[in-house]
Amino acid sequence: MAAIPKTLSKLRPEVKNELPLILLHNIVVFPYSAVTLTIGRSDSLSALEFALDNDKEVLIVFYRGSEHEPSYQHLHPLGTTARIIEIFKTSDDKLRILAEGLRSVEIKKILFKKDIPLGQYSLIKDSSQENCEAAVTLVKEQFQGFAKIRQKKIPDEVVEDVVNMDNPERLIGVVSTFLKLEIEKFIPLLDQISIKKRLEELAVILQMENESLHLKSNLAERAKERMERTQKEYFLNEQLKEIQKELGNEEVDPSGAQEIRQELEKLELSEDIRLKLLTEVKRLSNSHPMSPESGVLRTYLEWITELPWGKRSIDQHDIIKAARILDDDHFGLEKAKDRILDFIAARQMEPKGRSPILCFVGPPGTGKTSLGQSVAKALGRRFVRISLGGIRDEAEIRGHRKTYVGALPGKIIQALKRASMSNPVILLDEVDKLASDYRGDPSSALLEVLDPEQNNSFVDHYIEVPFDLSGVLFISTANNLEKIPHPLRDRMEIIRTPGYTMLEKKSIARQFLIPKQIADNGLKEARVRFQDASLDLLIRGYTQEAGVRGMERAINQVMRKTSRKLLHDEQTRPGRWLVNSSALHEYQENTAVYNAPENTLPAVKGLKIEVTPKLVRDYLGNERLEDDLGTTGRPGLAPGLYFDGGGGGVLPIEAVIYDGEQELLLTGQLGDVMKESAQIALSYLRANRERFGLKMDFDKDKVIHIHVPQGAVPVDGPSAGVALTAALLSSALGIPVKEDLVMTGEVTLTDRILPVGGIKEKTLAARRRDFSRIIMPKDNKRDADELPMDIREQLTFIYHDRLHDALMDIFPPGAFPG
Ligand SMILES: Nc1ncnc2c1ncn2[C@@H]1O[C@H](COP(=O)(O)OP(=O)(O)O)[C@@H](O)[C@H]1O
Ligand SMILES: [Mg+2]
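Its first residue numbered 7, the sequence shown is counted upward by one per residue in the numbering used here.
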């Protein structure tokens with residue numbers, strides 16, 4: 007609280023009803039209300055000081071006029087006595103006080119004592135002496151109405167409090183506080199001494215206020231309504247204009263039905279389908295062109311007219327030409343091509359004959375999708391690919407009913423529209439990625455699509471009328487045969503694309519991918535030469551894959567960077583900077599140079615570009631060294647082989663045996679079948695302790711722990727049996743298996759080795775990991791004999807059908823008695 011200068015003596019007003027007077031022109035103070043006032047006038051400041059020295063009471067009176075004129079003449083008769091509760095000094099030497107209004111009084115006289123204005127007043131008659139009830143009720147009612155219009159701005163408790171209030175002065179104080187009116191509106195109140203009259207004035211003020219608020223909110227409402235209406239009309243009108251513009255004839259055919267009818271007439275439709283569609287056209291022409299129904303109908307009929315009803319491309323029947331096309335597009339893949347040609351021949355001889363659906367199965371990047379494309383080319387048909395990856399909703403195959411908002415036909419019908427022929431090759435890409443859940447089983451919808459008994463009248467939910475799919479040639483692809491839904495698989499003829507050897511990859515690169523990337527990067531006219539060592543480096547150092555996708559990407563990157571470098575060199579070549587000769591003459595010291603036009607391209611024609619290993623490293627960064635699998639050299643380790651949808655790989659298996667409560671612990675990425683293999687391996691060794699020189703109690707009170715640390719790739723299958731046995735035996739003997747040797751084969755309790763799948767993928771993986779010998783089930787020799795020559799030359803195959811014999815080859819001589 008600011009200190010108040012003690013310039014005045016402690017004068018006491020002689021008359022009891024006399025208080026220091028404070029004049030206000032911007033705020034009205036009522037009893038029962040607390041207000042903050044800023045006092046700046048010097049006379050009011052004196053009065054304040056005087057009050058502070060005495061009993062802190064003041065008389066507050068409202069005057070009309072601006073802040074500066076002294077207006078003791080223009081006072082209103084009604085004043086309020088107030089008590090000062092708190093006082094602060096403001097920065098501009100004014101005082102701010104918090105005051106509480108006490109009671110209303112009538113001002114009688116004003117006098118000055120030593121410059122201190124004092125007001126004499128008389129108390130107003132008690133309200134009980136007047137008959138106020140009616141006025142009080144009126145104020146309360148009006149206030150309730152006011153609170154209602156102001157909605158949540160006045161708390162319910164306040165309204166309740168006001169309604170229950172029985173002190174009229176307080177009622178005036180509280181209601182005025184919440185009214186928050188411009189000061190002018192309160193003036194009639196200040197002219198009334200009688201409390202009853204004041205209440206009546208307040209009721210009038212409230213009523214006026216209510217009416218004006220009511221009017222305002224009505225107006226706002228109406229304005230909003232009008233705005234919305236005009237906006238909507240405007241929007242619809244614009245749409246109408248657009249549509250009419252599209253149709254070009256606003257009067258004749260507002261719905262577009264006429265034109266659609268003409269289109270329908272041209273289509274090759276069966277009579278009952280045409281009749282049904284014409285009914286729809288009629289509905290369209292009868293519906294308002296702006297109605298939602300008309301939009302739905304029009305979209306529907308447009309879909310119908312755009313489908314290739316009965317339209318067929320003419321097949322290419324020349325089988326020699328077909329074979330050439332297949333060879334032109336793909337290197338190798340002899341078996342696949344052969345099978346495709348058989349298939350094509352059969353289709354040509356008897357187009358109506360039942361033929362299975364071809365399904366290309368193999369790791370990514372082995373040419374499945376592009377083979378499908380070639381088949382279409384070889385037959386001279388349109389090609390459309392449908393990616394099935396992640397489709398889990400039957401409606402994606404067969405469409406949504408057209409009553410759905412935003413409904414569309416399913417993928418099959420969409421594909422036919424894209425093909426614009428009714429006999430395209432449709433590639434169902436990645437059928438193994440089909441999912442199914444509560445939204446229905448998409449594979450059963452596909453089954454119907456593929457079934458020659460049913461597919462001549464395939465009904466899409468959206469299209470509603472049957473469409474003949476019997477002319478379509480369906481081909482499918484998958485990474486993983488196991489994951490194709492069984493009923494679908496039964497309908498398919500599997501053609502494998504197991505992956506490529508190093509030599510095959512290099513040929514694919516040389517014959518297909520390098521020329522393609524050269525062309526794609528604008529280097530066709532240059533003489534680009536990929537050194538053999540560069541290609542070797544590129545494949546071994548930057549890719550680890552069964553297919554050629556990564557290789558293609560790497561080649562692309564090398565060519566892209568080459569292209570960019572040429573452009574950069576050309577545009578920064580010193581010789582290309584032209585000196586502006588006139589500038590040189592006039593300002594000798596100012597060697598103004600101008601760059602040649604910036605979009606000049608380098609002269610590529612005949613340019614020699616030699617892709618060396620160094621260049622490959624420059625452009626691709628350092629090669630990734632193969633992470634050492636650490637599969638040999640230590641007891642308890644043996645390298646197996648796996649194969650899955652992604653190709654093949656080497657699977658390191660670890661085993662340790664240590665003291666503890668006897669158990670077999672299996673950890674890592676082992677599927678159930680593999681766990682069983684581990685149990686078989688252990689039982690086999692237990693049963694043949696002596697042959698392998700194992701102590702009677704080699705597993706007694708021991709924990710036997712087998713672990714497969716193969717990243718996050720979950721693998722399963724019985725083919726790691728040999729490797730599991732070898733790892734266990736190695737751990738039990740404390741002797742490492744031979745180096746440079748990898749093994750595959752299923753084992754049984756009775757010392758047999760059974761054949762396994764994925765031989766090509768596995769041998770390719772063994773080569774990529776630089777193994778040179780492979781233990782293989784004898785019954786897989788057939789598969790191995792079909793491997794490409796280069797692989798067979800690089801790997802030594804050791805065939806066994808007895809586990810014991812295989813282990814003899816896996817361990818160094820003398821490791822066990824035998
Ligand atoms: N044998 C091959 N001869 C020529 N190019 C091939 C061969 N195999 C794959 N490609 C090319 O490799 C790329 C990837 O093939 P893609 O058909 O997409 O593989 P997938 O569908 O099996 O994953 C394509 O550019 C494809 O043309
Ligand atoms: Mg593909």
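Virtual Cβ for every residue (Gly too), placed ideally from N, Cα, C.
Counting along the chain, V168 sits inside the alpha helix (DSSP H) bounded by residues 162–169. Any heavy atom of ligand 2 within less than 6 Å of a residue's beta carbon puts that residue on the list, which reads K374, T375, D435, T483.
Below 8 Å, enough C-beta pairs join the region 237–254 and the region 289–308 to call them touching: three or more. In this structure, the C-beta of P715 stays at least 7 Å away from each heavy atom of ligand 1. In the structure shown, the three-state DSSP call for M565 is helix.
Only buried fits K512, as 16 or more other CB atoms lie within 10 angstroms of its CB. According to the DSSP assignment, V390 belongs to the beta strand (DSSP E) that extends over 389–393. Three or more beta-carbon pairs separated by less than 8 Å are not found between the region 723–733 and the region 462–477, which leaves the two stretches without contact. Under the three-state reduction of DSSP output, V455 falls in the helix class. A distance below 8 Å separates the beta carbons of I363 and S482. Relative to the non-hydrogen atoms of ligand 1, the Cβ of T549 never comes closer than 7 Å to any of them. Here the alpha carbon of Q537 sits roughly 41 Å from the alpha carbon of H323. Nearest to I178 by C-alpha distance, out of P37, A226, E244, G85, is P37. Sorting R391, I419, G396 by C-alpha distance to the C-alpha of R404 places I419 at the top. In the pairwise beta carbon analysis, the region 226–235 is classified as not touching the region 273–281: fewer than three pairs are separated by under 8 Å. The three-state reading of DSSP puts L281 in helix, counting H, G and I together. With contacts defined by Cβ atoms closer than 8 Å, I659 and L747 do not form a contacting pair. Judged by the Cβ position, R345 fails to qualify as a neighbour of ligand 1 at the 7 Å threshold, every heavy atom of the ligand being at least this far. With a cut-off of 7 Å, the C-beta of L339 is classified as near ligand 1, since at least one heavy atom of the ligand falls inside that distance.
In the three-state DSSP reduction, M296 falls in the coil class, being neither helix nor strand. Exclusion of the five residues before and after I500 leaves C365, V367 as the residues of its chain whose Cβ lies within less than 6 Å of its Cβ. Counted as a single uninterrupted DSSP element, the beta strand (DSSP E) harbouring K708 occupies residues 708–714. If you look at D665, you'll find it in the beta strand (DSSP E) that goes 653–665.
Within the same chain, Cβ atoms closer than 8 Å to the Cβ of L187 are found at I211, E215, the five residues on either side in sequence being excluded. Residue side-chain check: G556 keeps its Cβ at 7 Å or more from all non-hydrogen atoms of ligand 1. Contact between T503 and T372 holds, with the beta-carbon distance rounding to 4 Å and staying under 8 Å. Ligand 1 never approaches I501 closely enough for any of its heavy atoms to be under 7 Å from the residue's Cβ. Separation of the CB atoms of I66 and L54 is rounded to 11 Å, and the pair is thereby denied contact status at 8 Å. Out of A821, R788, P783, the CA that lies nearest to the CA of H806 is found in P783. The Cβ atoms of P521 and S426 lie no closer than 8 Å to each other. Placement of the Cβ of T372 at a distance of less than 7 Å from at least one heavy atom of ligand 1 is found.
Each of E402, K408, E558 was checked against the Cα of A515, and the nearest Cα belongs to E558. Segment contact: the region 695–714 against the region 740–758, fewer than three CB-CB distances shorter than 8 Å; contact not assigned. Judged by DSSP secondary structure, L613 falls outside any alpha helix (DSSP H); it is assigned neither H nor E. Membership of K154 in the alpha helix (DSSP H) is indicated by the continuous run 139–155.
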